[in-house]
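Participant:
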Amino acid sequence: GIGGDPINGLKHIDVMRAFNEDPDTDAVIMIGEIGGPDEAEAAQWCKSNMKKPVVGFIAGVTAPPGKRMGHAGALISGGADTADAKLAIMEECGFHVTRNPSEMGRILKGLL
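Residue numbering for the sequence shown follows the numbering used here, starting at 149 and increasing by one per position.
1. What span of residues does the beta strand (DSSP E) with Gly258 cover, start to end?
2. Of all the options Ala175, Gly242, Glu239, Cys194, which has the alpha carbon lying nearest to the alpha carbon of Leu257?
3. In three-state DSSP terms, what is Phe205?
4. Determine, using beta carbons only, whether Ile255 and Ala231 come nearer to each other than 8 Å.
Following this line, the structure appears as structure tokens:
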């Protein structure tokens, strides 16, 4: 693949599990994108298991449903794979969410 084309390897949930178990990790910033269930699945896992604060951001808030956005992996069909839906799930699961990537560091710093 080139750019953002999906290459299956580690999923968000696998990475979150590793960060949770890492004694040198104090907090996590999870960045996701429109399309697919991975971010929501990781957020649900974190709700029950994560011991560290998480800041969440989803790229694609302004993406129109049904339109391919730059690469094969970013196709939003509507519903649960929209940026707004993913941000809502993250927030329900205890993430500190932002719609602005420039705020991620400030939010994380405030949690430590």
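Think of the CB as a built atom: it goes at the ideal place given N, C-alpha and C, for glycine as much as any other residue.
Facilitator: Reading it off the structure:
1. It is not in any beta strand (DSSP E) - Gly258 instead sits in the alpha helix (DSSP H) that spans 252-259.
2. The question names Leu, yet the displayed sequence has Lys at residue 257. The shortest C-alpha separation from Lys257 is found at Ala175.
3. Residue state for Phe205 is assigned as strand, using DSSP reduced to three classes.
4. Between Ile255 and Ala231, the gap from beta carbon to beta carbon reaches 8 Å or more.
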